[in-house]
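Notes follow the structure.
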Amino acid sequence: MAGPPDVRSRVTAARSVAVLLALVALFIMMGLIDLLTLPGWVDQRYEWEVPLEASWGALFTFFLAGGYVWVALFPRAPWPALVQLAISASALLVSAGAGADPRPLVVALGVVGSGLVLWLLLGRPPAPRLARPAVAWAPMTVALLGFPLWLPYTIEALARSRSGELGTITQGIEHWPVQGAVAVAVLLASLTVSLWEGARPLLRVAIAPSAVYIGMAELAHPDRAGAMGSLPWGVGVTLWGLLVALVVVPRSRTGNGAGHADA
Numbered sequence: 404m405a406g407p408p409d410v411r412s413r414v415t416a417a418r419s420v421a422v423l424l425a426l427v428a429l430f431i432m433m434g435l436i437d438l439l440t441l442p443g444w445v446d447q448r449y450e451w452e453v454p455l456e457a458s459w460g461a462l463f464t465f466f467l468a469g470g471y472v473w474v475a476l477f478p479r480a481p482w483p484a485l486v487q488l489a490i491s492a493s494a495l496l497v498s499a500g501a502g503a504d505p506r507p508l509v510v511a512l513g514v515v516g517s518g519l520v521l522w523l524l525l526g527r528p529p530a531p532r533l534a535r536p537a538v539a540w541a542p543m544t545v546a547l548l549g550f551p552l553w554l555p556y557t558i559e560a561l562a563r564s565r566s567g568e569l570g571t572i573t574q575g576i577e578h579w580p581v582q583g584a585v586a587v588a589v590l591l592a593s594l595t596v597s598l599w600e601g602a603r604p605l606l607r608v609a610i611a612p613s614a615v616y617i618g619m620a621e622l623a624h625p626d627r628a629g630a631m632g633s634l635p636w637g638v639g640v641t642l643w644g645l646l647v648a649l650v651v652v653p654r655s656r657t658g659n660g661a662g663h664a665d666a
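Position one of the sequence shown corresponds to residue 404 (my numbering), numbered consecutively onward.
Now the structure itself:
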């Protein structure tokens, strides 16, 4: 049902804001542009730090823009997106602290603020009532397999951040702590997938392409900034991302849903 006019206008406003935020993440914050460095659809007069660009692009495209697009498409089920935004903000906070660089805090606060605005516009939908978390062991196993891959990546990126090494700067923010943040976000999201059925459709769409894209950037440019310089690591991360996308999880019979706005 369409719902009363005030509810419809609220949902329309939320959708419009979500689309605007997605465009900001993709273009103003260069999420999509940075992803284009891997296929080479950028100015070839420059030698792009493709692995460093790919990690930035993954966070801003798949995690942030992806969350906003979900709200625009499914405003009556916003909680998977709100949780994805919370994961992204938390990862940025961790990277700002562990990377000794306060600049990602600006993005983290912006993400938190955007999630709050969308939640208010949607009429403050209550969090979904979840039964006692039932672990889905297939995605939990995949998540645990990711730790040996992503932890060294996180540690390396944050060490570079703490050392003050100059990487790439976008809108005044250094890429090194953001590279650490995307790894933290991938790990947190993969654990969430194993615990909350309602989040799986969205979070898997963020995790899998992020991992595959970062892995492919490693394989294509192992000698550039942001790369681990390891063929096995690049192959492992790429295959892990494919595994996230392909693992089959039987649907539960309990109401462990995504949560719905009253609209």
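Where is the CB? At the ideal position from N, CA and C, for every residue including glycine.
Remember, it's a predicted structure, so these values are computed and weren't measured experimentally.
Buried or exposed: residue i, going by 16 or more other Cβ atoms within 10 Å of its Cβ?
i: D504; result: buried
i: M404; result: Low per-residue confidence applies at M404: pLDDT is 40, beneath 50, and the placement is therefore not dependable, though the value from the model is reported in the following sentence. By the 10 Å Cβ count, M404 comes out exposed.
i: W444; result: exposed
i: A666; result: In this predicted model, A666 has a pLDDT of only 40, less than 50, meaning its place in the structure is not dependable; the value taken from the coordinates is given anyway. The residue in question, A666, is buried, as its Cβ has 16 or more Cβ neighbours within 10 Å.
i: W451; result: buried
i: L429; result: buried
i: D437; result: buried
i: V596; result: buried
i: L512; result: exposed
i: G658; result: Unreliable placement is indicated for G658, whose pLDDT of 47 sits below 50; the coordinate value is still reported in the next sentence. By the 10 Å Cβ count, G658 comes out exposed.
With DSSP collapsed to three states, give me the class of residue i.
i: E600; result: helix
i: T571; result: coil
i: E379; result: One cannot answer for residue 379 here, as it falls past the ends of the chain, which runs 404 to 666.
i: Q487; result: helix
i: V608; result: helix
i: M543; result: helix
i: R527; result: coil
i: Q582; result: helix
i: Y449; result: coil
i: D409; result: helix
CA-CA distance, residue i and residue j?
i: A564; j: Y556; result: The displayed chain sequence assigns Ser, not Ala, to residue 564. If you take the alpha carbons of S564 and Y556, they lie about 12 Å apart.
i: L521; j: P481; result: 9 Å
i: F550; j: L590; result: 7 Å
i: V515; j: A489; result: 7 Å
i: A664; j: A457; result: Confidence at A664 is low in this model, with a pLDDT of 41, below 50, so its placement is unreliable and no value can be given for it.
i: G570; j: A562; result: 12 Å
i: S670; j: F465; result: Nothing can be reported for residue 670: it is not among the residues displayed for the chain, which extend from 404 to 666.
i: A602; j: A484; result: 8 Å
i: G567; j: Q582; result: 14 Å
i: R532; j: W540; result: 21 Å
i: A588; j: V414; result: 28 Å
**Request:** Could you tell me whether the stretch 512–521 touches the stretch 536–550, where touching means 3 or more Cβ pairs closer than 8 Å?
**Result:** no
**Prompt:** Between the stretch 422–433 and the stretch 468–480, do at least 3 Cβ pairs fall closer than 8 Å?
**Reply:** yes
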